[in-house]
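Residue numbers (our numbering), protein chains in the order written: chain A, 548 to 783; chain B, 589 to 800.
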């Protein structure tokens with residue numbers, strides 16, 4: 548019993564929190580990057596620019612169907628072969644951003660598709676250009692429908708940062724492994740701490756997503772249905 | 589890249605087989621467990637609903653790697669010696685079953701409640717109407733999302749690389765460090781993964797369009 552309590556000594560907790568900080572840093576950086584690039588790629592895929600949209604769509608399909616671990620390995624061990632050598636933090640941020648922006652792009656495309664065609668036609672008939680209509684009429688409504696799906700995508704992003712321990716990213720998972728590697732009595736307490744810490748972060752995010760879904764639902768019942776459809780469509 | 593396939597083709601194919609084997613085993617068990625918890629989530633009994641909710645939320649919100657490493661590190665230490673492949677598969681089953689449970693639950697709830705009421709009013713018990721009326725209709729709705737879960741499962745099975753499960757990703761790492769051609773090795777591994785996932789993904793998209 549005493550050894551188990553010893554696992555949660557201040558030094559260990561601080562070491563874990565340092566790891567948690569790296570996890571949060573990598574997650575936030577990749578969330579920002581993947582949101583920006585996902586939005587751009589999703590719009591490109593939707594607007595049907597000749598050749599470009601088809602190529603972007605195919606690349607998104609390829610990245611979405613690869614395991615994230617493979618992309619992490621490719622970034623960290625593969626890219627140095629062509630002379631680009633990122634450190635573990637940047638390698639994981641790049642890998643996560645590439646993977647997640649493909650995921651977000653798909654959600655964005657589904658979100659834009661969920662807006663009735665009449666909105667675009669109406670906006671165009673008031674004299675707006677195609678891009679103005681997209682920017683001021685379509686996207687604001689689409690983003691509202693996309694929010695729950697995007698938040699749940701970001702939950703899996705936070706969980707997936709743990710995969711980057713394989714390239715020795717000093718994150719939560721890695722620090723827990725170091726601690727129980729030094730003293731095997733600490734194994735169970737460390738896994739408990741890991742589970743609790745990840746659970747708190749991810750579950751509060753999922754409560755946020757449910758709250759947002761509810762907000763959208765209360766303002767407009769149809770909106771909730773559309774958000775549900777977007778979430779389902781984005782899975783494929 | 590071609591030289592990688594020539595020199596290490598056998599190892600890559602073995603890895604592909606292990607990945608497929610692990611994914612299929614995990615799919616079968618995750619489907620059984622997931623559907624079980626999905627039904628528990630909609631039964632009238634509140635106690636069962638809470639149990640199912642806890643199970644689903646716990647395994648949805650903990651990273652797959654933590655679950656898998658738990659079975660790889662802790663179980664052999666205290667209970668029974670299991671191989672990396674087995675611990676990885678168990679982790680995958682638990683993790684995917686939570687997602688499958690959510691998918692199946694939304695399928696059950698998308699069936700009109702009138703179906704259940706109608707079935708009950710003809711004298712069927714709750715379980716009978718579930719079994720013969722609601723579930724057959726629910727499963728038609730959930731086939732495309734379940735296919736997507738299977739794609740996720742194949743991708744997630746790469747977590748076996750962490751626990752020496754000899755899957756495709758693990759073989760890829762071994763080959764990369766042996767041949768010193770990381771880039772082309774990972775490209776080959778990527779192509780093999782795409783052979784598994786991409787056709788399935790396009791088929792699910794087609795199926796979804798057809799059912800919609």
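Even glycine gets a Cβ: it sits at the ideal position worked out from N, Cα and C.
### Task
Look at the alpha carbon of residue 589 (chain B) and the alpha carbon of residue 770 (chain B), and state the distance between them as a whole number of angstroms.
The residue you call residue 589 (chain B) lines up with position 1 of the second chain. The residue you call residue 770 (chain B) lines up with position 182 of the second chain. Rounded to the nearest angstrom, the gap between the Cα atoms of residue 589 (chain B) and residue 770 (chain B) is 10 Å.
#### Entry: For residue 746 (chain B) and residue 617 (chain A), believed in contact at Cβ under 8 Å, the rounded distance
By one-based count along the first chain, residue 617 (chain A) stands at place 70. By one-based count along the second chain, residue 746 (chain B) stands at place 158. That belief holds up - the Cβ atoms of residue 617 (chain A) and residue 746 (chain B) are roughly 6 Å apart, short of 8 Å.
### Query
Any beta-carbon of chain A closer than 8 Å to the one on residue 595 (chain B)?
As a working mapping, residue 595 (chain B) is identified with position 7 in the second chain. At least 8 Å separates the CB of residue 595 (chain B) from every CB of chain A.
### Query
With a cut-off of 8 Å, does the C-beta of residue 679 (chain B) fall near any C-beta of chain A?
By one-based count along the second chain, residue 679 (chain B) stands at place 91. Not closer than 8 Å to any Cβ of chain A, the Cβ of residue 679 (chain B) fails to qualify, so no.
### Query
Under three-state DSSP, which class holds residue 783 (chain A)?
Taking the first chain and counting its residues from 1, one reaches residue 783 (chain A) at position 236. Reliability of the predicted coordinates at residue 783 (chain A) is poor, the pLDDT of 49 falling under 50, and the value obtained from them is presented with this limitation in mind. Note: residue 783 (chain A) maps to coil in three-state DSSP.
### Query
Does the beta carbon of residue 589 (chain B) come closer than 8 Å to any beta carbon on chain A?
Along the second chain, one-based indexing puts residue 589 (chain B) at 1. Interface flag for residue 589 (chain B) against chain A is unset, since no Cβ pair is found closer than 8 Å.
### Outcome for residue 634 (chain B) when other beta-carbon atoms lying within 10 angstroms are tallied against a minimum of 16
Indexing the second chain from 1 puts residue 634 (chain B) at position 46. That one is exposed.
#### Entry: Any chain B beta carbon closer than 8 Å to residue 718 (chain A)
Residue mapping note: residue 718 (chain A) aligns to position 171 of the first chain, counting from 1. With 8 Å as the cut-off, residue 718 (chain A) does not count as an interface residue toward chain B.
### Members of the region 778-800 of chain B near chain A, C-beta cut-off 7 Å
Cβ proximity to chain A below 7 Å picks out 778, 781, 782, 785, 786, 789, 792, 793, 796 from the region 778-800 of chain B.
### Message
Does residue 667 (chain B) pass the burial test, meaning 16 or more other C-beta atoms within 10 Å, or should it be called exposed?
### Response
The count along the second chain starts at 1 and reaches residue 667 (chain B) at position 79. Around the C-beta of residue 667 (chain B), fewer than 16 other C-beta atoms lie within 10 Å, and the residue is accordingly described as exposed.
### Task
Could you work out which residues of chain B lie near residue 750 (chain A), taking near to mean beta carbons separated by less than 8 Å?
Sequence index remark: in the first chain, residue 750 (chain A) carries index 203 (1-based). Here the neighbours are 645, 649.
### Task
Report the option in A:695, A:720, A:719, A:608 whose CA atom is closest to the CA atom of residue 754 (chain A).
As a position in the first chain, residue 754 (chain A) is number 207, starting the count at 1. Closest by alpha carbon: A:695.
### Message
For residue 674 (chain A), count the other beta carbons within 10 Å of its own beta carbon; 16 or more makes it buried, fewer makes it exposed. Which is it?
### Response
Along the first chain, one-based indexing puts residue 674 (chain A) at 127. Under the 10 Å beta carbon count, residue 674 (chain A) is surrounded by fewer than 16 other beta carbons and is classified as exposed.
### Query
List, in order along the chain, the chain B residues whose C-beta lies closer than 9 Å to that of residue 570 (chain A)?
Looking up residue 570 (chain A) in the first chain gives position 23. Residues of chain B whose Cβ lies closer than 9 Å to the Cβ of residue 570 (chain A) do not exist, since the nearest Cβ in that chain is about 10 Å away.
### Task
Out of B:768, B:627, B:785, state which residue places its alpha-carbon closest to the alpha-carbon of residue 628 (chain A).
Stepping through the first chain from its first residue, residue 628 (chain A) is reached at position 81. Of the listed residues, the one whose Cα sits closest to residue 628 (chain A) is B:768.
### Query
Got a sec? Which residues, its chain only, sit under 6 Å from residue 589 (chain A) by beta carbon, not counting five neighbours each side?
Along the first chain, one-based indexing puts residue 589 (chain A) at 42. Here the set comprises 652, 655, 656.
### Query
Using a Cβ cut-off of 7 Å, which residues of the region 624-648 of chain A contact any Cβ in chain B, in chain order?
The residues in question are 624, 625, 628, 629.
### Query
Can you name, in chain order, every residue of its own chain whose Cβ lies under 8 Å from the Cβ of residue 749 (chain A), other than the five neighbours on each side?
In the first chain, residue 749 (chain A) corresponds to position 202, counting from 1. Result list for residue 749 (chain A): 702, 705, 706, in chain order.
#### Entry: Proximity of residue 718 (chain A) and residue 599 (chain A) at Cβ, strictly below 8 Å
Here residue 718 (chain A) is taken as the residue at index 171 of the first chain, counted from 1. Here residue 599 (chain A) is taken as the residue at index 52 of the first chain, counted from 1. In this structure, residue 599 (chain A) does not lie closer than 8 Å to residue 718 (chain A) by Cβ.
### Closest by C-alpha distance to residue 556 (chain B), when choosing among B:698, B:631, B:678
Because chain B is modelled from 589 through 800, residue 556 (chain B) falls outside the range shown and cannot be assessed.
#### Entry: Backbone secondary structure at residue 675 (chain A) - three-state DSSP
The residue given as residue 675 (chain A) occupies position 128 in the first chain. Residue state, collapsed to three classes: coil.
### Message
Contact criterion: CB-CB distance below 8 Å. Does residue 588 (chain A) meet it with respect to chain B?
### Response
As a working note, residue 588 (chain A) is residue 41 in the first chain. With respect to chain B, the C-beta atom of residue 588 (chain A) has no partner C-beta closer than 8 Å.
### Task
Within the region 670-722 of chain A, note down every full alpha helix (DSSP H) run reaching 4 residues or more, in order along the chain.
Here the runs fully enclosed are 677-680, 686-707.
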